[in-house]
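One structure is given here, and the rest of the page talks about it.
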Amino acid sequence: MRQTRIAHVGIAVKRIDALIPFYRDVLGLTDAPLDDSDGARIAGLTAGDSLIELLEPVDDGSPIAKFIEKRGPGIHHICFTVDDIDATLARCRQAGITLIDETPRMGAEGKRIAFLHPKSTGGILIELSEY
Ligand code: ZN
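Quick note: the sequence shown uses my numbering, first residue 30, plus one each step.
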């Protein structure tokens with residue numbers, strides 16, 4: 030069984046273009062183009078093996094737009110890559126964790142993903158992604 034690792038950190042931003050120079054030119058991260066997903070424009074940036082996703086809402090009704098409206102820009106979610114997403118979801122259910130996705134769905138990168146509700150994870154929206 031492969032060890033769980035952090036796949037990426039998703040950061041909700043008002044405007045990607047305003048932050049790219051900071052992450053790329055000041056901190057030295059590298060562009061990693063990603064497809065849009067869930068009503069968000071996504072800019073990927075790598076720092077070594079780690080990936081940061083800047084999430085900019087494309088419309089007012091999108092989940093990212095609502096998040097920014099309610100809590101302001103900032104860390105939106107942390108994504109963990111797990112070996113077996115079905116087994117992980119079963120363990121979450123057994124542990125009383127509230128699932129947003131009862132069954133895995135297809136994510137932007139063609140991987141199976143599922144979200145866990147922040148109310149049962151210490152306030153952080155957790156995304157699970159399968160290897
Ligand atoms: Zn994500």
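Note that beta-carbon positions come from the ideal geometry of N, C-alpha and C, so glycine has one too.
In this text, all values refer to a predicted model and were calculated from it rather than measured experimentally.
Cβ-heavy atom distance, residue i to the ligand ZN, below 7 Å
i: residue 103; result: no
i: residue 146; result: no
i: residue 159; result: no
i: residue 138; result: no
i: residue 85; result: no
Cβ shell of residue i (< 8 Å), same chain only, five flanking positions each side left out
i: residue 88; result: 68, 94
i: residue 159; result: 110, 111, 112, 113, 114, 133, 140, 141, 142
i: residue 44; result: 85
i: residue 122; result: 128
i: residue 61; result: 73, 74, 75, 80
Close Cβ partners of residue i (< 7 Å) along its chain, the five nearest in sequence each way excluded
i: residue 58; result: 52, 74, 75, 76, 81
i: residue 138; result: none
i: residue 92; result: 67, 68
i: residue 130; result: 143, 144
Cβ-based burial, residue i [other Cβ within 10 Å; buried from 16]
i: residue 86; result: buried
i: residue 98; result: exposed
i: residue 165; result: Outside the shown range of the chain, which is 30 to 160, sits residue 165, and nothing can be said about it.
i: residue 100; result: exposed
i: residue 33; result: exposed
i: residue 70; result: buried
i: residue 41; result: buried
heavy atom of the ligand ATP below 7 Å from residue i C-beta
i: residue 39; result: Judged by which ligands are present, the ligand ATP is missing from the structure shown, whose ligands are the ligand ZN.
6 Å Cβ shell around residue i - same chain, five flanking residues per side excluded
i: residue 108; result: 36, 37, 156, 158
Contact the region 52 to 68 vs the region 121 to 131: 3+ CB pairs below 8 Å: no
Any beta strand (DSSP E) of 3 or more consecutive residues that is wholly inside the region 67 to 105: 69 to 76, 79 to 86
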